[in-house]
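Just below is one structure, and these are the notes that go with it.
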Amino acid sequence: KPSKICSLAFHLLNTLPVCGRKAEPSLCPLPALKCRTGPLDIVFVIDSSRSVRPFEFETMRRFMIDIIGSLDVGPNATRVGVIQYSSQVQNIFSLKTFFTRADMEKAINSIVPLAQGTMTGLAIQYAMNVAFTTQEGARPLHKKIPRIAIIVTDGRPQDRVTEVATQARNAGIEIYAVGIQRADMNSLRAMASPPLEEHVFLVESFELIQQFGRQFQDKLCGVDMSTDLCNGVDHGCEFKCVSTEGSYRCVCPEGQQLQADGKACSSEGCWGGSGECGAGHVDLVMVIDGSKSVRPQNFELVKQFVNRIVDLLEVSPHGTRVGLVQYSSRVRTEFPLNKYHSADEIKKAVMEVEYMEKGTMTGLALKHMVEHSFSELEGARPLSHNVPRIGLVFTDGRSQDDISEWARRAKDSGIVMFAVGVGKAVEEELRAIASEPVEQHFSYSADFTTMTHLEGKGETEIRSPCECEALVQFQTNTVAILQSLTEKNILWGDAWACWGAGQPGDRLHTGKRGMDKWDWGKF
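See the structure below:
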């Protein structure tokens, strides 16, 4: 019954619900939430691909109208724009077009869905290059009026979103990613601004997006510009000021560092700067699948793969440290980061590892890695030492437990995650494990004799000069191993290192599915 539905929604969301509305009147109408925020420039980026059914698109209309109904709109207050996209992008109205809620609602109700593909990256590019320009009504950046993009989608993008979303965020656009039903969580996370838990929302159905709309209204209404310290001081931040409770701080775009004055940004360290640490020094933990599906002969190949990586590392107490974890239905530390201090010791220990067999509990292995393997007790250097932490997960099958939580925790804790999958490994799980940009941090192949290369594209986030150099060295070494394991003629390019910074470690030119093959059975 309507009353029970509304009551349940209240308890689930801990907020007043707005029931799902289609063409019929609302089951539990509520007065529109009214609030005054400081000026905002908001652009809705709405998926109108063919997978969005007509009644679902009507719900998306109501979502936009309800949000706009809570805002103080006007030329000197909040401005709103709407674009829709499928295989192309269409501007419905720009930030300078309407300054009353009635005009905006009329335009939204007149939208005709495009009903084609799902080119989300193209839509983000349009928002950045067109919708948020001063020509289209966005206020100049020096006025420090927040620019907010609200992306609503129900599917996996058919183009790449990571790079363009990074560019948009670096341009000062705060991105909220709202996924419905079939939306891909990894793509939502790649789009959204940090912290992700405040900017990524996955809604189970189009009806529930109305309830999310209420939560989002509360978030916008909670912005009290009068208590935002960034608005009340001459903060001097080169890129962006972020208010915290009782204080504020400056932040820099991804790939740049905050300088000693706490205000300026610099990209030194990867592009000509010098870090005060040895290149290639990392804390590396390899997590290998020892489940029964791997089979003994292939497990020996995995061990040889591990040792080929070790061969090219500068292993020492003050250089690179290596740990090894094996998992099946349980997890076993074969040796921690502080166990061995030479490559020969590590290689000997690797060859003595006994095959576990049994199940495939990848989530449990990730939990063990985060909680134990990268602890200082087991030899990881303190985070203050700026020594990169790298996790390399190798698996050949679908995990029998959930991996999402501990994959997220690993990356949130600063571990750079690589995922290598073979055979029945699930690409979706590999992508969930891998760090961003995902395409640079995961590899998949159909079997052990034709495994794929860890392809490098684009740029990576650099947190420090030391990390930049070390990650480049690690990836360069890994690629060298993979290159040596193939007898095919491979054409190498010149655009990988620091993934675009001109260091050694070139990109593999790829074939079908963006990946070339290499042969495990020839070394």
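Under UniProt numbering, the residue at position 341 of the sequence shown is numbered 341, and the numbers go up by one with no gaps.
The C-beta atom is built at its ideal place from N, Cα and C for all residues, glycine as well.
query	result
Kindly indicate which residue of GLU429, ARG431, PHE132, ALA380 has the alpha-carbon position closest to the one of SER413.	ALA380
Would you check if there are 3 or more beta carbon pairs closer than 8 Å linking the region 151-159 to the region 99-112?	no
Could you compute how far the alpha carbon of MET361 sits from the alpha carbon of PHE299?	17 Å
Answer with yes or no whether the minimum CB distance from GLY74 to chain B is below 8 Å.	Looking at the structure shown, chain B is missing, and only one protein chain is on hand.
With distance defined between alpha-carbon atoms, name the residue in SER404, PHE394, LEU202 nearest to ILE180.	LEU202
If you compare alpha carbons, which of VAL45, SER49, GLY290, ASP401 is closest to VAL82?	VAL45
On the three-pair Cβ rule with 8 Å, is the region 308-320 touching the region 334-342?	yes
Taking the alpha-carbon of ALA407 as reference, which of VAL422, LEU430, VAL426 has the nearest alpha-carbon?	LEU430
How is the alpha helix (DSSP H) around residue 553 delimited, first residue to last?	The chain is shown from 1 up to 523; residue 553 falls before or after that span and cannot be answered.
Is the separation between the beta-carbon of THR333 and that of SER291 shorter than 8 Å?	no
Quick one: what's ALA419 bridged to in DSSP?	VAL393, PHE442
Let me know if ALA419 comes out buried or exposed under the rule of 16 or more other beta-carbons within 10 Å of its beta-carbon.	buried
Whole angstroms are fine: how far does the CA of GLU371 sit from the CA of ALA102?	54 Å
With three or more beta-carbon pairs closer than 8 Å as the criterion, would you say the region 342-354 touches the region 383-395?	no
Just tell me which of PHE55, GLY172, ILE42, MET369 has its CA closest to the CA of VAL112.	PHE55
Taking the C-alpha atoms as reference points, what is the distance between GLN88 and VAL80?	21 Å
Using 10 angstroms around the beta-carbon of ILE346, count the other beta-carbons present and answer buried if the total reaches 16, otherwise exposed.	buried
In angstroms with no decimal places, state the Cα-to-Cα distance between ALA77 and GLU439.	41 Å
If you reduce the DSSP assignment to three classes, tell me which class THR120 lands in.	helix
Starting from PHE201 and walking both ways along the beta strand (DSSP E), at which residues does that stretch end?	200-203
Given a cut-off of 8 Å, decide if ILE175 and SER193 are closer than it, judged by their beta-carbon atoms.	yes
Measure the alpha-carbon distance for VAL393 versus MET286 and round it to whole angstroms.	6 Å
What are the residues that DSSP puts in a beta bridge with LYS347?	In DSSP, LYS347 forms no bridge with anything.
Let me make sure I understand the geometry here. Which of GLN90, THR97, MET64 has the alpha-carbon closest to that of GLY74?	THR97
Output the distance between the C-alpha atoms of ALA177 and GLN135, rounded to the nearest integer angstrom.	25 Å
Compute the Euclidean distance between the alpha carbons of THR133 and PRO140, then round it to the nearest angstrom.	8 Å
Could you pull the start and end residues of the beta strand (DSSP E) that THR333 belongs to?	331-335
So, is ARG389 buried or exposed, given that buried needs 16 or more other C-beta atoms within 10 angstroms?	buried
Between which residues of its own chain and PRO296 is the CB-CB distance below 8 Å, once the five residues before and five after are set aside?	TYR355
Here's the rule I'm using: 16 or more other beta-carbon atoms within 10 Å means buried, otherwise exposed. How should THR100 be labelled?	exposed
Going by DSSP, which residues form a beta bridge with VAL52?	DSSP, once it has assigned bridges, lists no residue as partnering VAL52.
Would ILE151 and MET191 qualify as a contact pair, given that the criterion is a beta-carbon distance under 8 Å?	yes
Within its chain, find whatever has a CB closer than 8 Å to the CB of VAL310; leave out the 5 residues flanking it on each side and keep chain order.	VAL322, ALA343, ILE346, LYS347, VAL350
Give the straight-line distance between the Cα atoms of PHE93 and ILE65, rounded to the nearest whole angstrom.	14 Å
If distances are taken between C-alpha atoms only, which option among ILE173, LEU324, ILE433 comes closest to ASP41?	ILE173
Bridge partners for GLN90 per DSSP, in chain order?	GLN84
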